[in-house]
Each structure stands twice: as structure tokens, then as C-alpha cells.
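These notes are about the structure you will find just below.
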Amino acid sequence: MKFLLTLLSTFFLAQAFAAEIPARLQKLAADKKLAIGSFVLEKEMPDIGVSVKSIGVFRFEHGVGITWKNLSPNEFTFFASDKFYEISSSSGTKRQSLEKFGIGNSKLFKGDFSDLEDKFKTEILKDDDGETVIKLLPKISKIKNGLESATLCFGKSGLEKCRLELANGTIIKIEFKETL
Numbered sequence: 002m003k004f005l006l007t008l009l010s011t012f013f014l015a016q017a018f019a020a021e022i023p024a025r026l027q028k029l030a031a032d033k034k035l036a037i038g039s040f041v042l043e044k045e046m047p048d049i050g051v052s053v054k055s056i057g058v059f060r061f062e063h064g065v066g067i068t069w070k071n072l073s074p075n076e077f078t079f080f081a082s083d084k085f086y087e088i089s090s091s092s093g094t095k096r097q098s099l100e101k102f103g104i105g106n107s108k109l110f111k112g113d114f115s116d117l118e119d120k121f122k123t124e125i126l127k128d129d130d131g132e133t134v135i136k137l138l139p140k141i142s143k144i145k146n147g148l149e150s151a152t153l154c155f156g157k158s159g160l161e162k163c164r165l166e167l168a169n170g171t172i173i174k175i176e177f178k179e180t181l
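Pasting the structure below:
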């Protein structure tokens, strides 16, 4: 579950940024109210020598939340808003308040990124030719417990790739293809 919440917060972060982020991305984030597309996710677990690949579709709607539908290898749907998350599969639906994780009603989950600098140190690794690469390093211990860093790669139209390095050594690579 920590993985999905980390993924969710990273996706929301990808949609808007603090003042030091390049102007091109600030405008892109301000204009992006809806994103729909597909993803390919690879999760590398070095401690057990296993790599798992998933494919699916996503929908991000500013002010509403994100729906992450995993199609393969296991089918499930994850939805999260600023107050709760919900997982639905063939075995039923489970809803949980985000308060349990200390992140309920977070500004980030409402699409307000004014407190980004309080939660993350931001490093711009590349910003040219329509490509921007940003690395986020958590400052807060609750976030550090699950996430070591997040690297976000943007192309001309939005987020294209994301690399999450989790505190337990797991690496998650995601490629996004937006259709809307």
C-alpha cells in the first residue's frame, strides 16, 4: 500500500510545482486539469532478485483524484482523493482513510503545491530542448520512511517517466503515455 500512496503523491507532484521549477513546467502544470493515458511499470526488488512488470491505464483529474487501473499481471483499480484511497479487485473493494498514514487532507492531494518545498528538496538535473528532469528528495521523516527519491522526466507535453527509489531498496520505473 505504501507503494501506491508514494506513486499517487509523486503523480500529483508531477502535475504542479513550487516557484523554483522552470516556467515551462509551471505553465504546463497550471494548464493540466485532466490527464488520461497508459503506463508501463517495472518494479525491481533487489533483495529477492525479482523484477515485475505491470501495464495499465490512469486518469488524473485535478481536484478529484487519480484512478490507476492495473490490467496485467493482476487486475485491480486504485483510486485516491485527498481524503481516502480505495482498491477494487475481483475479491471486493476496500476503502481506507488517508488519516491512517498521516497524509489525509494534505495540500498535495488537493492539487495545492505551496508546501512542496517544505516536504522535498528539489534538484533540477536537466532543463533544455523541451526536456526537464527533476529529482525530489524528501525532507520529512514520514515520507523518508517509504521514499528515498523520485526522479521525474518531462517532455514537451508532460510527464513521460518516473523513477522511484524506495527506502527498502526497491526501484520503480514508470513510463507514461498520455492520450488526453
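The sequence shown begins at 2 in the working numbering and counts up one residue at a time.
Note that CB positions come from ideal geometry on N, CA and C, so glycine has one too.
Keep in mind it's a predicted model, so treat the numbers as computed, not measured.
- Beta-bridge partners of A36 (DSSP): F61.
- Cβ contact annotation for G38 (same chain, cutoff 8 Å, sequence separation greater than five): V58, F59, F177, K178, E179, T180, L181, in chain order.
- In the three-state scheme derived from DSSP, where H, G and I count as helix and E and B as strand, K84 is classed as coil.
- In the three-state scheme derived from DSSP, where H, G and I count as helix and E and B as strand, K44 is classed as strand.
- Residue D130 holds the alpha-carbon nearest to the alpha-carbon of K157 among D130, Q97, E45.
- Straight-line measurement puts the Cα of L126 at about 5 Å from the Cα of V134.
- Distances from the CA of L153 to each of G147, N146, E161 were compared; the closest alpha carbon is that of E161.
- Residue range 142-145 is occupied by the alpha helix (DSSP H) that includes I144.
- With distances taken between CA atoms, A36 lies nearest to I67 out of I67, F155, N146.
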